[in-house]
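K.L.:
Numbering (the working numbering), first residue to last: 83 to 279.
All residues carry an ideal CB built from backbone N, CA and C; glycine is no exception.
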Amino acid sequence: MSSFLVCYGTGEGQTARIADRIVDALGERGHDATAVDADEVPTDLDVGDYDAVLVGSSIHAGKHQSEVVDFVTANREALAERPTAFFQVSMSSATEEGAAQAAGYVEEFLEDTGWHPDRIAQFGGALRFSEFGFLKRLLVRQVVKRSMPDVDTSEDVEFTDWQAVDDFANDVAAFVEGRLGVAAPDGGASGADGQSE
Ligand SMILES: Cc1cc2nc3c(=O)[nH]c(=O)nc-3n(C[C@H](O)[C@H](O)[C@H](O)COP(=O)(O)O)c2cc1C
83 MSSFLVCYGT GEGQTARIAD RIVDALGERG HDATAVDADE VPTDLDVGDY
133 DAVLVGSSIH AGKHQSEVVD FVTANREALA ERPTAFFQVS MSSATEEGAA
183 QAAGYVEEFL EDTGWHPDRI AQFGGALRFS EFGFLKRLLV RQVVKRSMPD
233 VDTSEDVEFT DWQAVDDFAN DVAAFVEGRL GVAAPDGGAS GADGQSE
């Protein structure tokens with residue numbers, strides 16, 4: 083069994099849901115995984131206590147969650163010393179047309195933080211219009227109508243490919259098991275391609 087930290091930054095909760103799903107997938111494989119909101123990192127949390135670290139962030143207005151940038155920057159040395167993975171959540175990853183934009187966000191993040199994760203995944207997010215305030219709902223609906231005219235903005239939409247999330251978690255686990263020279267605790271199957279790079 084290896085210990086995994088999954089640190090995430092979220093605006094409306096979709097990245098938290100994805101982090102929880104990754105924790106579940108790692109747990110099913112027999113590992114000990116803990117999710118931590120980058121906005122509420124316990125003061126005594128030590129990245130050095132974990133065998134491997136995953137970091138996730140959503141995109142809002144072209145930017146990653148600032149607390150995630152801060153977390154990676156503050157822990158860059160510890161991250162460099164262990165297997166790591168990054169996952170990004172955005173609307174750009176929900177369409178083929180947005181793929182270049184999503185890849186650009188990743189590139190900018192890695193450049194800004196100087197971090198070199200071993201695995202990277204990009205997932206489509208969700209838009210829960212029913213949970214937005216009036217102005218935000220109006221603005222986001224306008225953006226979606228322009229960029230994704232086929233999407234019905236009268237109801238909440240989710241674009242996350244949960245199979246791809248599971249595949250990513252298993253791929254990262256298989257990589258960590260190989261790197262640390264440990265067998266999958268439950269003898270679980272090694273990861274599929276998913277959207278990981
Ligand atoms: C106010 C707002 C701004 C957003 N800006 C972008 C953006 O610039 N680019 C993008 O690809 N997705 C954008 N999105 C889509 C989010 O990345 C997507 O909704 C994601 O699921 C949010 O994850 P979170 O709930 O973990 O914050 C935006 C969403 C909202 C609500």
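1. Just the Cα atoms here: how many angstroms apart are Phe86 and Glu190?
2. Please name the residue in Glu163, Asp194, Val171 whose C-alpha comes closest to that of Thr155.
3. Quick one: measure Cβ to Cβ for Ser140 and Thr97, integer angstroms, because I've assumed they're closer than 8 Å.
4. Can you tell me where the alpha helix (DSSP H) with Asp253 in it begins and where it stops?
5. For Gly276, which residues from the same chain have a beta carbon less than 7 Å from its beta carbon, with the 5 sequence-adjacent residues on both sides left out?
6. Just the C-alpha distance for Arg103 and Thr116, rounded to the nearest angstrom, thanks.
7. Given a threshold of 16 other Cβ atoms within 10 Å of its Cβ, counted over all protein chains shown, does Val258 qualify as buried or as exposed?
8. Measure from the alpha carbon of Arg158 to the alpha carbon of each residue in Leu221, Gly144, Ser172, Val135, then state which is nearest.
9. Tell me which residues pass a beta-carbon proximity test against ligand 1: closer than 6 Å to any heavy atom, given in chain order.
P.N.:
Quick look at the numbers:
1. Within the sequence shown, residue 86 is the residue found at index 4, counting from 1. Within the sequence shown, residue 190 is the residue found at index 108, counting from 1. When rounded, the distance between both Cα atoms is 25 Å.
2. On the sequence shown, residue 155 is found 73 positions in, with the first residue counted as 1. Nearest option by C-alpha distance: Asp194.
3. Locating residue 140 in the sequence shown gives position 58, counting from the first residue. Locating residue 97 in the sequence shown gives position 15, counting from the first residue. The pair is a contact, with the Cβ atoms about 4 Å apart (cut-off 8 Å).
4. As a position in the sequence shown, residue 253 is number 171, starting the count at 1. First-last of the alpha helix (DSSP H) with Asp253: 244-262.
5. In the sequence shown, counting from the first residue as 1, residue 276 sits at position 194. Reliability of the predicted coordinates at Gly276 is poor, the pLDDT of 39 falling under 50, and the value obtained from them is presented with this limitation in mind. For Gly276, where only same-chain residues beyond five positions count, the Cβ hits under 7 Å are Ala203, Ala246, Asp249, Phe250, Asp253.
6. For the purposes of this step, residue 103 is identified with residue 21 of the sequence shown, where counting begins at 1. For the purposes of this step, residue 116 is identified with residue 34 of the sequence shown, where counting begins at 1. Using only the alpha carbons, I get a separation of about 11 Å.
7. Within the sequence shown, the letter at position 176 stands for residue 258. Looking at its Cβ environment, which holds 16 or more other Cβ atoms inside 10 Å, Val258 is buried.
8. In the sequence shown, counting from the first residue as 1, residue 158 sits at position 76. Checking every option, the nearest Cα to that of Arg158 belongs to Val135.
9. Every residue passing the under-6 Å Cβ criterion appears here: Thr92, Gly93, Glu94, Gly95, Gln96, Thr97, Ser140, Ile141, His142, Ala143, Gly144, Val171, Ser172, Met173, Ser174, Gly207, Ala208, Leu209, Lys218, Val222.
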